[in-house]
Amino acid sequence: MRRPELLAPAGSLAMMRTAFAFGADAVYAGQPRYSLRVRNNEFGQLETLAAGIREAHAAGKQFYLVSNIVPHNAKLRTYLQDMEEVVALGPDALIMADPGLIMMVRERWPELPVHLSVQANTTNWAAVRFWQAVGIQRIILSRELSLDEVAEIRDACPDMALEVFVHGALCIAYSGRCLLSGYFNHRDPNQGSCTNSCRWDYKLHEAEQNAAGDVLACGSAPLGNPKALGTVGTATRSGKAADNRPRHPGGTKVWLLEEGSRPGELMPTEEDEHGTYILNSRDLRAIEHVQRLVEIGVDSLKIEGRTKSPYYVARTARAYRQAIDDACAGRPFDPRLLGELEGLANRGYTDGFYQRHHTPAHQNYLRGHSVSGRSLYVGDLIGFDAARERIQIEARNAFGRGDRLEFIQPCGTVEAVVERLENDDGQTIERLPGSGHRAWLALPAGVDPAAPCFIARFL
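Just so you know, the working numbering puts 677 at position 170 of the sequence shown, and the rest follows in order with no gaps.
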């Protein structure tokens, strides 16, 4: 079986180096002006981008540059000029979504590989053939496809490179085409400045409609700011829900949405028999499907998260590296990998659209891993005293004597209980607060002090 590329996110040089150390074959990064991630991005500086591409190539790795914005006219005028110096650095491909920008790039740099972004929403083999005809070398398929649909596209397009997402945040809109951020605070997600409005703290209030169709909080007089409410459908009193909440035609309930930092500003939303989709999505975790994706012949498995931390990319890259290697070697899926990924901050996991009805085997995978494997990132190994066989830890979160830690390195994970913590003067301390405080502890057996090492505390 063909071994797929493991593609990891990189918002910084540190993140890129971590991704490579923990098993990634390639990284993707973006320039703030022309990709969908403006914040937490070091590669807006040309010198940093040059260093990243240079280091990746020296290590035999690939470096893809994201340029997947859906531009308005103003950005078209500056695009080619701004990209001249960037293309000269030699990225291995541009990841693009807009047909106009793709045309401009193909005309100016016909030899530069272009990968089609997931933002283009490619969901069928005919679309793949269309993009292949205009010179695209790889298609990042839409997240809304099932495993069987991916396999059908692979069979119909055997000579096109295919890439899919296997881990990371999911949008509540169709492959990133979200309007919430722009609606709430005028920062357009499709221009790179998404504020992740879908992940804010929301409260739902029961609502009703008056004869004019205005949406009102239940039991209240019309509110003072009708623009914050608005009208949803035509008012009706025909039928109530089983819970006695009002519905309008089609069986849709009306609710008022209140965001945590805007108390009193109530926005209308609707809920039908399928639920309410304006709130948060679970995070994608499809590691149990890696074997099937390898069998299908997908060329690249992609981890989302350019704004995340090096710790995130270390844990995800190592877990998916093992899953890929096991699949290619014919070894069965190791369900302990699910537990390793539970150690990351997440909003609950889903395997997305890959498999609607899980088999008993997959149910066993999803429910059978140990909950005790959950852990919290607490710090990094930053120093080593060989004479005393002590390692120095810089804390991100608090931990102390008696805690059970895991030391996460490219070669594996070592578990150890903290017996003693010392400050720089060799005095014993009971607990180390987070926020950059430092301490020394004995070098656990099996930990390589010269290798990258992230430390987590079991909860």
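Just so you know, even glycine gets a beta-carbon here, dropped at the ideal spot from N, CA and C.
query: Local conformation of LEU730 per DSSP, three classes; result: The predicted model places LEU730 with a pLDDT of 41, which falls under 50 and marks its position as unreliable; any figure quoted below should be read in that light. Here LEU730 sits in coil by DSSP.
query: Exposure label - PRO516; buried when at least 16 CB within 10 Å; result: buried
query: Cβ pair count under 8 Å reaching 3, the stretch 562-579 against the stretch 595-604; result: yes
query: Separation of ASP858 from LEU730, as counted between CA atoms; result: With a pLDDT of only 41 at LEU730, under the threshold of 50, the placement of this residue in the model should not be trusted; the figure read from the coordinates follows. Distance between the alpha carbons of LEU730 and ASP858 is about 41 Å.
query: GLY909 versus ALA558: straight-line alpha-carbon distance, rounded; result: 42 Å
query: Supposed close pair VAL625, PHE672 - CB separation, criterion 8 Å; result: 7 Å
query: Where MET610 falls, given that 16 or more other Cβ within 10 Å makes a residue buried; result: exposed
query: Own chain, CB closer than 7 Å to ALA724, minus 5 neighbours either side, in chain order; result: HIS712, ALA714, LEU730, LEU763 and LEU773
query: Cβ distance (whole Å) where ASP892 is taken to contact CYS960 below 8 Å; result: The Cβ separation is near 15 Å, so there is no contact.
query: Beta-carbon contacts of ASP832 that lie in its chain and below 6 Å, excluding the five residues immediately before and after; result: none
query: Other residues of its chain near SER788: CB distance less than 6 Å, five sequence neighbours each side excluded; result: LEU677 and ILE679
query: Any chain D beta carbon closer than 8 Å to PRO839; result: Annotation note: the requested chain D is absent from the structure, which comprises a single protein chain.
query: Residue closest to ARG769, alpha-carbon to alpha-carbon, out of LEU808, ILE803, GLU802 and LYS710; result: LYS710
query: Where PHE860 falls: helix, strand or coil (DSSP); result: coil
query: CB of ARG540 within 8 Å of CB of ASP589, strictly; result: yes
query: Residue range of the beta strand (DSSP E) that includes GLU913; result: 911-916
query: Option nearest TYR884 by Cα separation, candidates CYS664, LEU652, THR920 and ASN904; result: ASN904
query: C-alpha gap between VAL954 and GLY837, whole angstroms; result: 29 Å
query: Per DSSP, the bridge partner or partners of MET603; result: LEU623
query: Given 8 Å, three or more beta-carbon pairs between the stretch 635-649 and the stretch 658-673; result: yes
query: Rounded distance between the beta-carbons of ILE898 and LEU948, thought under 8 Å; result: 6 Å
query: Where GLN552 falls, given that 16 or more other Cβ within 10 Å makes a residue buried; result: exposed
query: Cβ-Cβ distance between GLU766 and TRP707 below 8 Å; result: yes
query: Which residues DSSP lists as bridging PHE891, in chain order; result: ILE898
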